[in-house]
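In what follows, a structure is listed as structure tokens, so that the remarks can point back to it.
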Amino acid sequence: MQNKQSIHGAWANRWIFILAATGSAVGLGNIWKFPYIAGENGGGAFVLVYLFCILLVGVPIMMAEVLVGRRGRQSPINSMRETAYEAGHHGRWAGVGWLGALAGFFIFSFYSVVAGWVLYYIAGMGSGLFIDIGSEQAGQIFNGLLADPQTLLIWHTLFVVLVMMVIAGGVNKGLERATRILMPLLFVLLFVLLIYSMNSGYFGAGWDFLFSFDTSALSGEAVLEALGHAFFTLSLGMGSIMAYGSYMGKKDSIGGTVLTIAALDTVVALIAGLAIFPIVFANQLDPAEGAGLMFVTLPVAFSQMAGGQVFGFLFFLMVGFAAWTSAISLMEPGAAWLVETLGLSRVRASILLGVIVWALGVLALGSFNLTSDLLVFGMTVFEFLDFLTANVMLPLGGFLVALFVGWYLTREMTEDELSLRSSFVYQLWRFVIRFVSPAAVAVIFALKIYEKLAA
């Protein structure tokens, strides 16, 4: 049994890791995407299918990522290399760690642009910009923001600085301190908004939208939607969970911890839906607008409701916290590698990463204005980075992690790390990680590519 320690430090306890990993998983998409696809695809019936997919795809691969991270006690790149050596295989498996770290880096570059929009809306809600506006005015404000590269640059820069300040602090003074503050605040804001929605007069409509058990709406396409979201919602394939796992205590249960994270992620998404959709229905607005729901529809809804300015501000503050905690996890793998391999201090590693990702983010934000004609394979820089990460890098990374842990790590290594009391549960996990999870991710990968080619 190994008992190596990470040079970066360790989580103070199991619950800090759970909150940090949940913060990584709960991002912008959770706030509006999952509740909407659940409501449109059979409500409670879809939620059950989704939970089944989480157990077959999300949880086993997340356990595999945490297992490798804790075994290697290093960045995803070096942990993959070291565990491969330990199992008697070639160090080229470090390439999977590189794939994840680069995916997180690329995602952050355009994610920070969208998070910048959120910061702008926090300030706008606080200053009264959205008082008594209609949908046309809300659309003009949003489109005006996208067309203004200087304003986008300011908020994009601020978000990058906020994230890299946390990364510079390291595990205990940075990641852990941020988790202790931001996650409880996120939960408090979520429940405040839920109570607000319960008094909107349309809470029943929101509840029915999310939980009415309609199996007729549960098509094959809906099942595939559940499968895809089960993979993407837990921040898999990008090295974040592997990096966080390297700071996890040796005695902590990987299986129980991962199940708790998956449950918290799902509960947060559902509560977010119950907080948002009653407000949408109270104002006879369309819940199907995706990103437009957050930046156009909801500001109109808040402007027309009693106390809307205050609760609109709290809503975007909550979304900002969710974006912040997710983004921190995206940059941690790269920062950890720079510290381990190049011997940089945390501060220098954070500044170097921050400058590079900031510059790539400038290209991404230019996709909406100055450099909208700069195309990569027919896509703007923003669209290309989104497509490359979501459709290629993340599914490929998840597939390779499942393959590596299921087929290349020794049974002794996986049994030692998982320490499952039941041999049946271990055998079940081993079967799923070897056969079911890789097949499911391969389906996700193929469908994503097909959708793009068919579009």
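Residue numbers -18 to 436, in our numbering, belong to the letters of the sequence shown in order. In this text, a Cβ means the ideal position worked out from N, Cα and C, and glycines have one as well.
With a 10 Å radius around the Cβ and a threshold of 16 neighbouring Cβ atoms, P165 comes out exposed. Between the alpha carbons of F262 and A256 lies a gap of roughly 11 Å. When Cβ pairs closer than 8 Å are counted between the two stretches, the segment -10 to 10 is seen to touch the segment 154 to 170, the count reaching three or more. Separation of E67 and G335 (C-alpha to C-alpha, rounded to the nearest whole angstrom) is 33 Å.
Boundaries of the alpha helix (DSSP H) harbouring L381: L375 to L384, taken from the DSSP string.
Residue state for L32 is assigned as helix, using DSSP reduced to three classes. Here the segment 85 to 94 makes contact with the segment 336 to 353; the two share three or more CB pairs at distances below 8 Å.
Per the coordinates, the alpha-carbon of D267 lies some 29 Å from the alpha-carbon of V362. When rounded, the separation of the alpha-carbon atoms in S404 and T395 is 12 Å. Proximity to G273 across I122, V142 and S200 peaks at I122, based on C-alpha coordinates. Judged by beta-carbon spacing, G20 lies within the 7 Å limit of L191, meaning their Cβ atoms are closer than that value. In the structure shown, V357 adopts extended strand secondary structure according to DSSP, grouped into three states. Excluding residues up to 5 positions away in sequence, A75, G78, W79, A82 and W318 lie with their Cβ nearer than 7 Å to the Cβ of I58 in the same chain. In the structure shown, the three-state DSSP call for G107 is helix. DSSP places G69 outside both helix and strand once states are collapsed to three, so it counts as coil. Residue state for G155 is assigned as helix, using DSSP reduced to three classes. Here DSSP, grouped into helix, strand and coil, assigns G120 to helix.
In its chain, beyond the 5 residues on either side, L174, Y177 and F283 have a beta carbon closer than 7 Å to the beta carbon of F292. Here L356 is exposed, its C-beta having fewer than 16 other C-beta atoms within 10 Å. Separation of the CB atoms of F294 and M106 is rounded to 4 Å, and the pair is thereby assigned contact status at 8 Å.
Nearest in C-alpha terms to Y389, of all of L369, R411, S400 and T370, is R411. Looking at the DSSP output, F194 bridges to G24. Assigned with DSSP and collapsed to three states, I112 falls in coil, not helix or strand. In this structure, the CA atom of M43 is about 9 Å from the CA atom of I235. Under the criterion of beta carbons closer than 8 Å, N350 and K433 do not qualify as touching, at roughly 25 Å. By the beta-carbon neighbour count (other beta carbons within 10 angstroms, threshold 16), V249 is buried. Taking a cut-off of 8 Å on C-beta distances, the segment 134 to 141 touches the segment 94 to 103, as three or more cross pairs fall below it. The segment 208 to 222 and the segment 27 to 37 touch, with three or more beta-carbon pairs separated by less than 8 Å. Counting along the chain, the unbroken alpha helix (DSSP H) around R327 starts and ends at R327 to L346. Counting along the chain, H(-11) sits inside no alpha helix (DSSP H), nor does DSSP assign it H or E at all. Spanning the alpha carbons of T132 and L126 requires a straight line of approximately 7 Å. Taking all protein chains in view, the Cβ of G185 is surrounded by fewer than 16 other Cβ atoms within 10 Å, so the residue is classified as exposed.
A Cβ-Cβ distance of about 5 Å is found for the pair V281 and S116, placing them in contact under the 8 Å criterion.
A direct Cα-Cα distance of roughly 11 Å separates I103 from F111. Taking T370 as reference, the option from G220, Y183 and V40 with the minimal CA-CA separation is G220. In summary, E313 is buried, with 16 or more beta-carbon neighbours lying within 10 Å of its beta-carbon over all protein chains present.
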